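Chains as they are written, first to last, in the UniProt record's numbering: chain Z, 1 to 444; chain Y, 1 to 444.
Heads up, the beta-carbon is just placed ideally off N, CA and C, and yes, glycines get one too.
Predicted model, so just to flag it, every value in this text is computed and none were measured.
One structure below.
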């Protein structure tokens with residue numbers, strides 16, 4: 001018990017050779033090199049902050065109350081780790097959150113006896129993942145959805161057809177385009193997705209009808225979780241964007257393509273996507289993703305100065321979407337993509353979002369839009385993969401799909417592959433359930 | 001002091017003959033028939049709930065602690081009136097908020113001695129408007145901006161020109177179209193509006209630049225303040241929409257038309273409007289607006305059942321926008337319009353917004369979009385009035401404008417005209433200040 005934690009502080013928390021005293025399977029998404037943050041509760045206790053490692057959750061509030069997590073975050077008054085969302089903690093900014101991750105890494109190392117050898121402390125601080133309930137990690141004040149993938153954008157133009165087919169809008173290579181999403185309907189992975197009704201113009205009809213959507217789709221996305229915010233009227237320069245970026249979650253922007261096609265011009269999407277959006281429970285920090293930086297696609301023309309990012313902009317993160325029909329034993333992967341393919345970067349999202357002085361807030365989500373890549377099976381939504389329901393795709397384990405059917409469970413996942421370990425995101429899932437029996441939408 | 005308030009409870013709070021013992025000028029926006037809600041503070045005290053009457057503010061927390069405001073709102077635990085925003089109070093729904101307004105009306109009547117004749121109580125409960133500071137009345141979780149005015153939409157199509165000129169989008173008469181706005185940048189009336197920089201494609205140029213906007217505009221709007229919310233996955237039927245609508249504020253959706261023109265296709269507006277949006281401080285309740293219901297324009301084709309509203313949909317509320325250049329003594333009115341002109345109604349906004357199951361939250365703003373009407377000087381923004389800066393308008397008190405100039409103060413106002421009294425909204429103002437000296441937008 002008398003070991004000074006500084007004795008084991010020599011290695012960087014991202015060092016590939018680090019090992020924990022807790023067992024972590026090689027294919028686990030949560031090795032000691034990851035340490036994503038979330039909110040969990042145990043029976044009868046309030047939701048609080050935790051860190052995932054292997055099959056366990058580290059209770060940050062318990063660590064702090066044991067005196068083992070004295071960081072600048074602990075000086076902010078009432079414990080930031082005892083709160084039901086991470087917003088106040090991540091609002092402190094990168095230095096503070098990095099410090100906590102580094103400290104947790106030290107405490108979990110195989111050669112640090114402080115927690116390893118203290119049975120009573122382990123019982124207090126460590127919970128089996130199977131024994132906890134996960135909650136929304138953040139209160140989402142703002143949700144913006146971008147369109148960072150050139151492949152996705154080209155596919156959409158191609159499917160719509162017309163004069164613009166084969167080339168993007170004139171502004172596309174000058175700014176990372178985006179729209180404001182609906183924050184109130186962002187839910188945690190695992191929340192069922194009831195098929196919505198909506199106003200739709202059916203093919204060949206003169207007038208629209210209000211009916212259950214026949215084109216329910218998923219979108220394979222990731223999203224920045226904003227850490228420290230910026231003041232209204234200020235901008236975040238591209239070189240300072242990292243300081244405002246806490247981490248990344250998976251995001252499924254469930255879409256009703258028939259409602260969307262009818263409503264989207266001229267103001268953009270609204271009720272076609274506001275019925276539900278799912279995010280994964282564990283926020284993977286940008287600290288953990290740092291070793292996986294990589295070059296992005298060449299940006300031609302070069303971005304304006306306020307968007308001109310030096311160095312490696314992108315991250316090599318494999319992404320995958322699967323569908324498991326209700327009568328299937330196993331999911332069928334329907335998309336394999338990679339964040340590396342995105343034309344615009346996370347930092348460019350932040351710089352553009354604030355370019356006119358908009359204030360970002362801790363916990364805001366800045367989503368990538370559908371992450372498609374080039375090549376077969378690399379389309380991040382069924383709209384692209386089936387060309388808006390015109391060409392069925394075959395599922396690996398049998399059957400075909402044009403759009404999602406009731407009973408389908410969609411799972412998004414992602415991971416960065418290290419040498420002998422994976423920095424992963426876990427899953428973002430949602431089960432499609434039938435439209436409810438309220439036929440006229442008149443309930444209150 | 002022994003008068004039973006029920007003795008004076010016979011008259012409806014909207015009765016045109018009601019008078020208060022407090023002096024209210026005939027042109028005041030806040031007669032006893034109005035009683036709008038807001039948040040105020042006095043020197044050294046915390047922000048709390050108040051009601052405006054004439055030149056005074058009624059302190060609801062003080063009324064409640066004096067035992068004079070025992071309503072169902074008082075039973076909700078810690079005082080809802082002591083909180084810095086009205087969200088928790090208005091979340092109770094129309095019955096609860098109506099009850100409070102009715103009780104305040106009783107206490108302010110000329111023939112009720114309880115407050116009138118108690119000098120000590122009056123000193124505690126009543127504050128001169130000039131002595132208080134007003135605050136944001138709500139925490140805005142969601143901000144949606146609609147396009148309810150047919151005249152505004154037709155003007156926009158006409159200015160853009162092309163094949164679509166003279167007719168609206170095919171979906172326009174079937175649904176009240178809208179987009180998600182940015183909630184974080186909604187500010188209180190009186191907050192200066194710094195001219196933003198943004199990405200703009202100047203005429204005749206091949207590539208865009210990042211520069212101060214040359215086309216800063218106002219938009220004359222009103223917005224529903226949502227009271228009781230609805231659960232995610234539920235819809236609010238048109239006949240039940242009123243139960244979710246607490247009141248209305250003025251809203252100025254400050255817009256940068258050059259940034260907007262360059263960014264808006266295909267996803268809609270984003271940074272061109274997210275720099276700042278202003279609202280008026282006093283929320284005029286739908287209870288107070290009820291006597292001013294009127295027919296809206298005929299809706300052809302008839303709306304689908306979920307949007308088909310019976311009875312009088314609209315409200316006869318005069319709206320006005322003025323500009324006061326910095327060297328002018330008086331403002332020049334540049335737009336006179338009326339909410340009555342809106343094609344789609346407030347209730348239809350709510351029904352459509354929730355049609356796919358989106359959850360509304362207490363304090364959400366559902367804005368009308370620019371309120372234009374037919375006829376001269378009835379265009380609710382400079383984009384329309386000057387045809388995007390092509391035709392200068394003359395100001396009543398001298399000078400012309402294409403777009404807003406530094407030093408211009410824009411004031412929106414609105415009122416419903418009763419017999420001998422006005423149910424008004426006060427003002428929503430903003431002074432345009434110069435772009436800041438940060439030339440490259442690189443501040444953090």
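Expected contact under 8 Å - CB spacing of residue 139/Z and residue 87/Z to nearest Å: For this step, residue 139/Z is matched to residue 139 along the first chain. For this step, residue 87/Z is matched to residue 87 along the first chain. Right, their Cβ atoms sit about 5 Å apart.
Paired residues, beta bridge with residue 335/Y - DSSP: If you number the second chain from 1, residue 335/Y lands on position 335. Per DSSP, 321/Y.
Of the listed residues 367/Z, 360/Z, 106/Z, nearest to residue 228/Z (C-alpha basis): On the first chain, position 228 is the one that residue 228/Z refers to. If we check each option's Cα against that of residue 228/Z, 360/Z comes out closest.
Reference residue 177/Y, options 389/Y, 383/Y, 348/Y, 434/Y, closest by Cα: As a working mapping, residue 177/Y is identified with position 177 in the second chain. It is 348/Y whose Cα lies nearest to the Cα of residue 177/Y.
Residue 94/Y at chain Z interface by Cβ criterion, 9 Å: Numbered from 1 along the second chain, position 94 holds the residue referred to as residue 94/Y. No, no contact with chain Z.
Inside the stretch 109-141 of chain Y only - beta strand (DSSP E) runs reaching at least 3 residues: 126-128, 133-135
Beta-carbon spacing of residue 64/Z, residue 41/Z below 9 Å: Along the first chain, one-based indexing puts residue 64/Z at 64. Along the first chain, one-based indexing puts residue 41/Z at 41. Cβ atoms of residue 64/Z and residue 41/Z: not closer than 9 Å.
Sub-9 Å separation of residue 150/Z and residue 343/Z beta-carbons: Locating residue 150/Z in the first chain gives position 150, where the first residue counts as 1. Locating residue 343/Z in the first chain gives position 343, where the first residue counts as 1. Result yes, Cβ atoms of residue 150/Z and residue 343/Z sit closer than 9 Å.
Uninterrupted alpha helix (DSSP H) stretches inside the stretch 13-101 of chain Y (no shorter than 4 residues): If only uninterrupted alpha helix (DSSP H) runs of at least 4 residues are considered, those enclosed by the stretch 13-101 of chain Y are 60-65, 87-90.
Chain Y residues whose Cβ lies nearer than 8 Å to that of residue 194/Z: Along the first chain, read from residue 1 onward, the residue named residue 194/Z stands at position 194. Going along chain Y in sequence order, the residues near residue 194/Z (Cβ under 8 Å) are 233, 357.
Enclosing alpha helix (DSSP H) for residue 289/Z [first to last residue]: Translated into positions along the first chain, residue 289/Z becomes position 289. Start and end: 286-289.
Residues that residue 257/Z contacts on chain Y, provided the C-beta gap is smaller than 7 Å: If you number the first chain from 1, residue 257/Z lands on position 257. What residue 257/Z touches in chain Y: nothing, since even the nearest Cβ is about 13 Å away.
CB contact below 9 Å: residue 187/Z versus chain Y: Within the first chain, residue 187/Z is the residue found at index 187, counting from 1. Chain Y contact via Cβ: present.
Opening and closing residue of the alpha helix (DSSP H) in which residue 383/Y lies: For the purposes of this step, residue 383/Y is taken as the residue at position 383 of the second chain. 382-385 is the span of the alpha helix (DSSP H), which, as asked, contains residue 383/Y.
Residue 197/Y: contacting residues in chain C (beta-carbon distance under 9 Å): Of the chains in the structure shown, none is chain C; the protein chains are Z and Y.
Contacts that residue 265/Z makes with chain Y (C-beta to C-beta distance below 7 Å): Mapped onto the first chain, residue 265/Z falls at position 265. Listed along chain Y are 169, each with a C-beta nearer than 7 Å to that of residue 265/Z.
First and last residue of the uninterrupted alpha helix (DSSP H) at residue 188/Z: Your numbering for residue 188/Z matches position 188 in the first chain. Looking at the DSSP string, residue 188/Z is not in any alpha helix (DSSP H); the run it does join, the beta strand (DSSP E), is 186-188.
9 Å Cβ cutoff, residue 455/Z in contact with chain Y: There is no way to answer for residue 455/Z, as the model of chain Z reaches only from 1 to 444.
Between the CA atoms of residue 429/Z and residue 297/Y - distance to the nearest angstrom: Walking along the second chain from the start, residue 297/Y turns up at place 297. Walking along the first chain from the start, residue 429/Z turns up at place 429. Straight across, the Cα-Cα distance linking residue 297/Y with residue 429/Z is about 46 Å.
Neighbourhood of residue 420/Z by C-beta distance below 8 Å, restricted to the same chain and skipping five residues each side: Working through the first chain from its first residue, we reach residue 420/Z at position 420. For residue 420/Z, where only same-chain residues beyond five positions count, the Cβ hits under 8 Å are 16, 26.
Residue 117/Y burial status per 10 Å Cβ neighbour count (16 or more: buried): Translated into the one-based positions of the second chain, residue 117/Y becomes position 117. Flag for residue 117/Y reads exposed.
Segment limits, beta strand (DSSP E) that includes residue 257/Z: Locating residue 257/Z in the first chain gives position 257, counting from the first residue. Run containing residue 257/Z: none in the beta strand (DSSP E); it sits in the alpha helix (DSSP H), 257-263.
Buried versus exposed call for residue 194/Z [16 or more other C-beta atoms within 10 Å across all chains shown]: As a first step, residue 194/Z is located in the first chain; it is residue number 194 there, counting from the start. Residue 194/Z comes out buried.
Endpoints, the alpha helix (DSSP H) within which residue 150/Z is located: Taking the first chain and counting its residues from 1, one reaches residue 150/Z at position 150. First-last of the alpha helix (DSSP H) with residue 150/Z: 150-160.
According to DSSP, residues forming a beta bridge with residue 411/Y: Position 411 of the second chain, counting from 1, holds the residue named residue 411/Y. DSSP output for residue 411/Y lists 322/Y, 429/Y as bridge partner(s).
Boundaries (first-last residue) of the beta strand (DSSP E) holding residue 178/Z: Residue numbering aside, residue 178/Z sits at position 178 when the first chain is read from its first letter. From DSSP, the beta strand (DSSP E) with residue 178/Z extends over 178-180.
Expected contact under 8 Å - CB spacing of residue 28/Y and residue 44/Y to nearest Å: By one-based count along the second chain, residue 28/Y stands at place 28. By one-based count along the second chain, residue 44/Y stands at place 44. Not really, about 28 Å apart at Cβ, beyond 8 Å.
Within chain Z, partners of residue 183/Y - CB distance below 8 Å: Numbered from 1 along the second chain, position 183 holds the residue referred to as residue 183/Y. Going along chain Z in sequence order, the residues near residue 183/Y (Cβ under 8 Å) are 141, 142, 183.
Buried or exposed (CB count within 10 angstroms, at least 16 for buried), residue 2/Y: Start at 1 with the first residue of the second chain, and residue 2/Y comes out as number 2. Model confidence at residue 2/Y stands at a pLDDT of 42, short of 50, so the residue's coordinates are unreliable; what they give is reported in the following sentence. When all chains shown are included, residue 2/Y counts as exposed.
Stretch pair the stretch 393-404 of chain Y + the stretch 264-284 of chain Y: three plus CB contacts closer than 8 Å: no
Residue closest to residue 405/Z, alpha-carbon to alpha-carbon, out of 323/Z, 346/Z, 413/Z: Here residue 405/Z corresponds to residue number 405 of the first chain, with the count starting at 1. Looking at the Cα atoms, 323/Z is the closest of the given residues.
Closer than 8 Å at the beta carbon, the chain Y residues around residue 180/Z: For the purposes of this step, residue 180/Z is taken as the residue at position 180 of the first chain. Here the neighbours are 179, 180, 181, 182, 270, 274.
Segment contact, 8 Å Cβ cut-off, at least three pairs: the stretch 351-358 of chain Y with the stretch 194-206 of chain Z: Flag = yes, the stretch 351-358 of chain Y and the stretch 194-206 of chain Z touch.
Strand pairing of residue 249/Z, partner residues [DSSP]: Along the first chain, read from residue 1 onward, the residue named residue 249/Z stands at position 249. According to DSSP, residue 249/Z bridges with 223/Z.
Nonlocal neighbours in the same chain, by C-beta distance under 6 Å from residue 291/Y, ignoring five residues either side: Within the second chain, the letter at position 291 stands for residue 291/Y. So the list reads 14, once near-sequence residues are dropped.
Which of helix, strand or coil DSSP assigns to residue 193/Y: As a position in the second chain, residue 193/Y is number 193, starting the count at 1. DSSP places residue 193/Y in strand when its eight states are reduced to three.
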